[in-house]
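Working notes, structure below.
Residue numbers (the working numbering): 1444 to 1741.
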């Protein structure tokens, strides 16, 4: 295993841990977590660009606007989802980006989808259903959380599309900063209107918020950005699909969320099916990790 692979695995584990951290912060609401985490992350990223001599420009903001807005919605929905459903459900549902992209492959990317791919996607959907069924009797589960996860998936798909389109106009680092700024500005009024930001975090919560911004936010992205140069797009994409497995195991260890047989089987089916789609189709062959903020990375 080379250093690039090690870096990518560490980045993946950081992203998998993000939902665990979010769910473990209980003295403030999920919208407040998005607010504080994103402001810290945005200041760090924009400051990094400034110190590097490549500050965020108006052009960068313009081409990051649509993606940033989608990212803001994605983060609000995903952070709320992990508070209302199990980590397994939230991460498995939001990992189904390749399936949603199949629906958009024709109109957006002009690519035909093979019948075989649709069959595999159907198998993945059955796997998601198995995960949801296995969680239905657990105290951590609610249908509201699953619906929020589904909404986060749609927002993440839009972010993916806008991000792909922006690559022709601005550098990935500027897009990361610009989309983070717009996402923060989108999330801020929602968090303020909810009233959650008026409850100040405890000392422990501040520690975890900082860890959330520096770890899954900055460190994981820097590691993945560096590792992608030494990895194939297929491998880096497939590694990110391991997030539901890692996150579910972490939730079992640190949050006490049980894993039943149907969940375990469903997760394996979903990951195997999505891995096949990533490795055999063009529209998902390049991971957005190098210039995107994953819904599971916050």
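All C-beta atoms in this analysis are idealised placements derived from N, C-alpha and C, irrespective of residue type, glycine included.
Since this is a predicted model, take the numbers as computed values, not measurements.
Query: Can you tell me whether DSSP reads residue 1495 as helix, strand or coil?; Result: coil
Query: Mind checking residue 1405: buried by the 16 CB within 10 Å criterion, or exposed?; Result: This structure cannot settle anything about residue 1405, because the visible part of the chain is limited to 1444 through 1741.
Query: Helix, strand or coil for residue 1560, going by three-state DSSP, please let me know.; Result: helix
Query: Going along the chain, which residues of its own chain have a beta-carbon closer than 7 Å to the beta-carbon of residue 1455, five neighbours each way excluded?; Result: 1682, 1683, 1685, 1686, 1689
Query: Does the count of Cβ pairs from the stretch 1568-1579 and the stretch 1507-1521 closer than 8 Å reach three?; Result: no
Query: Counting pairs of Cβ atoms below 8 Å between the stretch 1581-1600 and the stretch 1481-1489, do you hit three or more?; Result: no
Query: For residue 1561 and residue 1698, what's the separation of their Cα atoms in angstroms?; Result: 35 Å
Query: Straight-line CA distance for residue 1663 to residue 1457?; Result: 6 Å
Query: Extract the residue ranges of the alpha helix (DSSP H) inside the stretch 1657-1687, only unbroken runs of 4 or more that lie entirely within it.; Result: 1663-1671, 1676-1683
Query: Taking the straight line between their C-alpha atoms, what separation do you get for residue 1719 and residue 1542?; Result: 11 Å
Query: Quick check: what's the CA-CA separation for residue 1610 versus residue 1511?; Result: 14 Å
Query: Give the DSSP-derived three-state secondary structure of residue 1700 in the structure shown.; Result: coil
Query: Under the rule that 16 or more other beta-carbon atoms within 10 Å means buried, what is residue 1629, buried or exposed?; Result: buried
Query: Would residue 1653 and residue 1592 be called neighbours here (beta carbons separated by less than 8 Å)?; Result: no
Query: Less than 6 Å between C-beta atoms, sequence neighbours within five positions excluded: which residues of the same chain meet that for residue 1470?; Result: 1645, 1648
Query: So, are the CB atoms of residue 1504 and residue 1624 less than 8 Å apart?; Result: yes
Query: State the start and end residues of the unbroken alpha helix (DSSP H) segment that holds residue 1526.; Result: 1501-1527
Query: Do you know how far the Cα of residue 1705 is from the Cα of residue 1532?; Result: 12 Å
Query: State the DSSP-derived secondary structure class of residue 1645, mapped to helix, strand or coil.; Result: coil
Query: Can you name, in chain order, every residue of its own chain whose Cβ lies under 8 Å from the Cβ of residue 1716, other than the five neighbours on each side?; Result: 1563, 1564, 1566, 1567, 1570
Query: Look up residue 1473 in the DSSP assignment and say whether it is helix, strand or coil.; Result: helix
Query: Are residue 1465 and residue 1476 close, meaning C-beta to C-beta below 8 Å?; Result: yes
Query: Specify, as a first and last residue, the run of the alpha helix (DSSP H) that residue 1453 falls within.; Result: 1446-1467
Query: If we require 4 or more residues per run, which alpha helix (DSSP H) segments fall completely within the stretch 1576-1618?; Result: 1586-1609
Query: Buried or exposed, going by whether 16 or more other CB atoms sit within 10 Å of the CB of residue 1643?; Result: exposed
Query: Tell me which residues share the same chain as residue 1509 and place their Cβ nearer than 7 Å to its Cβ, disregarding the 5 neighbours each side in the sequence.; Result: 1605
Query: Return helix, strand or coil for residue 1534, following the three-state DSSP convention.; Result: helix
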